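K.L.:
Residue numbers (this note's numbering): 208 to 540.
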């Protein structure tokens, strides 16, 4: 296969690589992938070991498939990047599975062809467009994040960060009959959130966040807070906007972030419950169903589309001005 491989800090090369495949694997012609801030971080050197092929979000067409897979040649599919390292983790006393993520812990999807186990290949319904399907992985992560909270209808959920994941989580809140409050310093992102039906948005540079949430919630603050560290928002808002005894979920891929500071004294004083969700393992079918039923609107998420052959030139440019971009899609056909 032909793949873009990050070989060292700020170095990426187009390579020919032979992939070992099992007899039951499905061979997929990659048609579209999405670059993320994590891919940019790997390129910038925030990764302990190289080389690695980046990207964890991809869709494609089945090129070859075993009859037992249930997939047909030419069928549109979305790929799951999640690899369960040890399916017998419970017997060994682990509380959660050790899930490896392609593009982070092992080679990812920035290539022309790839062979995958059939359980990682999901057929796409006809009604889902490619530019919607490319967000399946982030929707799965948002579903799992909200599933980690014991919410009830009408609960308020403060979301720190109006990036793609934050807006998707807010859309899901509305679907689950929760009330999202999205907080971000970027007015453009907040406008996008509002265009996606998010009624309550707060810009800390224009309003007192705590006071505004007091007004919105009738004085009780948010029962739940979602914090996505890559959103460029600081976590110091968490204790002041979350109700006493409330729950905070730290979500996303915190592989390459600098240490973030949160006063544990404030967390203890308010008896906050803190949980973390770092992948969407087990939620791909749910994410696809949400897209098929038009629950998630992805309009405006894609900032630009680049060609596969241009990655060597475009990735350094994106790295230089990463905050100017939302999602960058790569056309691999």
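Glycine is no exception: its CB is placed at the ideal position from the N, C-alpha and C atoms. Bear in mind the structure is a predicted one, so any value in this text is a computation, not a measurement.
Scan the stretch 367–449 and note each continuous beta strand (DSSP E) run of 3 residues or more that stays entirely inside, going in chain order.
P.N.:
You should have 386–390, 407–409 and 429–434.
K.L.:
Name the two residues that bound the continuous beta strand (DSSP E) containing residue 234.
P.N.:
Start at 1 with the first residue of the chain shown, and residue 234 comes out as number 27. Run containing residue 234: 233–242, per the beta strand (DSSP E) assignment.
K.L.:
Along the chain, where does the beta strand (DSSP E) containing residue 486 start, and where does it finish?
P.N.:
If you number the chain shown from 1, residue 486 lands on position 279. Careful: residue 486 lies outside any beta strand (DSSP E) and carries neither H nor E.
K.L.:
Considering only the beta carbon of each residue, do residue 389 and residue 358 sit closer than 9 Å?
P.N.:
As a position in the chain shown, residue 389 is number 182, starting the count at 1. As a position in the chain shown, residue 358 is number 151, starting the count at 1. Not in contact: residue 389 and residue 358 (Cβ atoms no closer than 9 Å).
K.L.:
Just to confirm my understanding: we take residue 400, look at its own chain, exclude 5 residues before and 5 after, and list those with CB closer than 7 Å. What are they?
P.N.:
Translated into positions along the chain shown, residue 400 becomes position 193. These residues qualify, in order along the chain: 369, 374, 377, 389 and 408.
K.L.:
Under DSSP, the alpha helix (DSSP H) around residue 345 begins and ends at which residues?
P.N.:
Locating residue 345 in the chain shown gives position 138, where the first residue counts as 1. Element bounds for residue 345: 343–354.
K.L.:
What did DSSP end up calling residue 305 once you bin it into helix, strand or coil?
P.N.:
Counted from its first residue, the chain shown places residue 305 at position 98. Correct three-state label for residue 305: coil.
K.L.:
Inspect the CB distances between the stretch 469–478 and the stretch 487–505 and report whether three or more fall short of 8 Å.
P.N.:
As far as the Cβ criterion goes, the stretch 469–478 does not touch the stretch 487–505, which means the pair count is below three.
K.L.:
State the Cα-Cα distance for the pair residue 257 and residue 225, rounded to the nearest angstrom.
P.N.:
Mapped onto the chain shown, residue 257 falls at position 50. Mapped onto the chain shown, residue 225 falls at position 18. So the alpha carbons of these two residues sit roughly 17 Å apart.
K.L.:
Excluding the 5 residues flanking residue 222 on each side, which residues of the same chain have their C-beta closer than 7 Å to its C-beta?
P.N.:
For the purposes of this step, residue 222 is taken as residue 15 along the chain shown, with counting starting at 1. Same-chain partners within the cutoff: 210 and 212.
K.L.:
Identify which residue in 403, 451, 282 and 267 has its Cα closest to the Cα of residue 341.
P.N.:
The count along the chain shown starts at 1 and reaches residue 341 at position 134. Closest by alpha carbon: 267.
K.L.:
Under 7 Å Cβ to Cβ from residue 420, same chain only, skipping five residues before and after it: list those, please.
P.N.:
By 1-based counting over the chain shown, the position of residue 420 is 213. Result list for residue 420: 365, 388, 428, 429 and 448, in chain order.
K.L.:
Here's the rule I'm using: 16 or more other beta-carbon atoms within 10 Å means buried, otherwise exposed. How should residue 413 be labelled?
P.N.:
Here residue 413 corresponds to residue number 206 of the chain shown, with the count starting at 1. It counts as exposed.
K.L.:
Do residue 265 and residue 237 have their C-beta atoms closer together than 9 Å?
P.N.:
To locate residue 265, count along the chain shown from 1; it is residue 58. To locate residue 237, count along the chain shown from 1; it is residue 30. Yes. Within cutoff.
K.L.:
Hey, could you find the ends of the alpha helix (DSSP H) residue 337 is sitting in?
P.N.:
Here residue 337 corresponds to residue number 130 of the chain shown, with the count starting at 1. Segment 337–340, the alpha helix (DSSP H) holding residue 337.
K.L.:
Are the beta-carbon atoms of residue 347 and residue 487 separated by less than 9 Å?
P.N.:
Taking the chain shown and counting its residues from 1, the one referred to as residue 347 is at position 140. Taking the chain shown and counting its residues from 1, the one referred to as residue 487 is at position 280. Yes, Cβ-Cβ distance for residue 347 and residue 487 is below 9 Å.
K.L.:
Could you check whether residue 305 and residue 319 sit closer than 9 Å to each other, using their CB atoms as the reference points?
P.N.:
The sequence position of residue 319 within the chain shown is 112, counting from 1. The sequence position of residue 305 within the chain shown is 98, counting from 1. No, the pair does not count as a contact, with Cβ atoms beyond the cut-off.
K.L.:
Can you give me the Cβ contacts of residue 480 inside the same chain, cut-off strictly under 6 Å, excluding the 5 residues immediately before and after it?
P.N.:
Start at 1 with the first residue of the chain shown, and residue 480 comes out as number 273. Cβ within range, chain order: 454.
K.L.:
Tell me where the alpha helix (DSSP H) around residue 511 begins and ends.
P.N.:
Along the chain shown, one-based indexing puts residue 511 at 304. Here residue 511 belongs to no alpha helix (DSSP H); instead the beta strand (DSSP E) covers 509–514.
K.L.:
Could you tell me the distance, in whole angstroms, from the CA atom of residue 503 to the CA atom of residue 381?
P.N.:
Residue mapping note: residue 503 aligns to position 296 of the chain shown, counting from 1. Residue mapping note: residue 381 aligns to position 174 of the chain shown, counting from 1. Rounded to the nearest angstrom, the two C-alpha atoms are 10 Å apart.
K.L.:
If we call anything under 9 Å between Cβ atoms a contact, is residue 372 one with residue 507?
P.N.:
In the chain shown, the residue the question calls residue 372 occupies position 165. In the chain shown, the residue the question calls residue 507 occupies position 300. Their beta carbons are not under 9 Å apart, which means residue 372 does not touch residue 507 by this criterion.
K.L.:
Determine the closest residue to residue 438 out of 244, 275 and 270, with distance taken between C-alpha atoms.
P.N.:
Here residue 438 is taken as the residue at index 231 of the chain shown, counted from 1. It is 244 whose Cα lies nearest to the Cα of residue 438.
K.L.:
Once you ignore the five residues that flank residue 242 on each side, which residues in its own chain have a CB closer than 6 Å to its CB?
P.N.:
Mapped onto the chain shown, residue 242 falls at position 35. Excluding sequence neighbours, residue 242 sits near 535.
K.L.:
For residue 394, count neighbouring Cβ atoms within 10 angstroms of its own Cβ and tell me buried if that reaches 16, exposed if not.
P.N.:
Locating residue 394 in the chain shown gives position 187, counting from the first residue. Counting Cβ neighbours within 10 Å, residue 394 comes out exposed, since fewer than 16 surround it.
K.L.:
For residue 354, which option in 485, 521, 512 and 526 has the closest C-alpha, if you only look at C-alpha atoms?
P.N.:
For the purposes of this step, residue 354 is taken as the residue at position 147 of the chain shown. The residue with the shortest Cα to Cα distance from residue 354 is 485.
K.L.:
Count the other CB atoms, across all protein chains shown, that sit within 10 Å of the CB of residue 475; report buried if there are 16 or more and exposed otherwise.
P.N.:
The sequence position of residue 475 within the chain shown is 268, counting from 1. With fewer than 16 Cβ atoms within 10 Å of its Cβ, residue 475 is classed as exposed.
K.L.:
Measure how close the beta-carbons of residue 260 and residue 315 come, nearest whole angstrom, since I'm counting them as under 8 Å.
P.N.:
The sequence position of residue 260 within the chain shown is 53, counting from 1. The sequence position of residue 315 within the chain shown is 108, counting from 1. Sure, about 5 Å apart at Cβ, within 8 Å.
K.L.:
Alpha helix (DSSP H) containing residue 526: first to last residue?
P.N.:
Within the chain shown, numbered from 1, the residue matching residue 526 stands at position 319. Here the alpha helix (DSSP H) through residue 526 covers 518–527.
K.L.:
Among all the DSSP beta bridges, which residues are the ones paired with residue 538?
P.N.:
Taking the first residue of the chain shown as position 1, residue 538 is located at position 331. Paired residue(s): 239 and 514.
K.L.:
If you check the beta carbons only, do residue 367 and residue 433 fall under 9 Å apart?
P.N.:
Counting from 1 along the chain shown, the entry for residue 367 is found at position 160. Counting from 1 along the chain shown, the entry for residue 433 is found at position 226. Contact: yes.
K.L.:
Residue 509 and residue 537 look like a contact to me (Cβ under 8 Å); what is the Cβ gap, rounded to whole Å?
P.N.:
Position 302 of the chain shown, counted from the first residue, corresponds to residue 509. Position 330 of the chain shown, counted from the first residue, corresponds to residue 537. Not a contact, Cβ separation roughly 11 Å.
K.L.:
Let me know if residue 404 comes out buried or exposed under the rule of 16 or more other beta-carbons within 10 Å of its beta-carbon.
P.N.:
The residue labelled residue 404 in the question sits at position 197 within the chain shown. So residue 404 counts as exposed.
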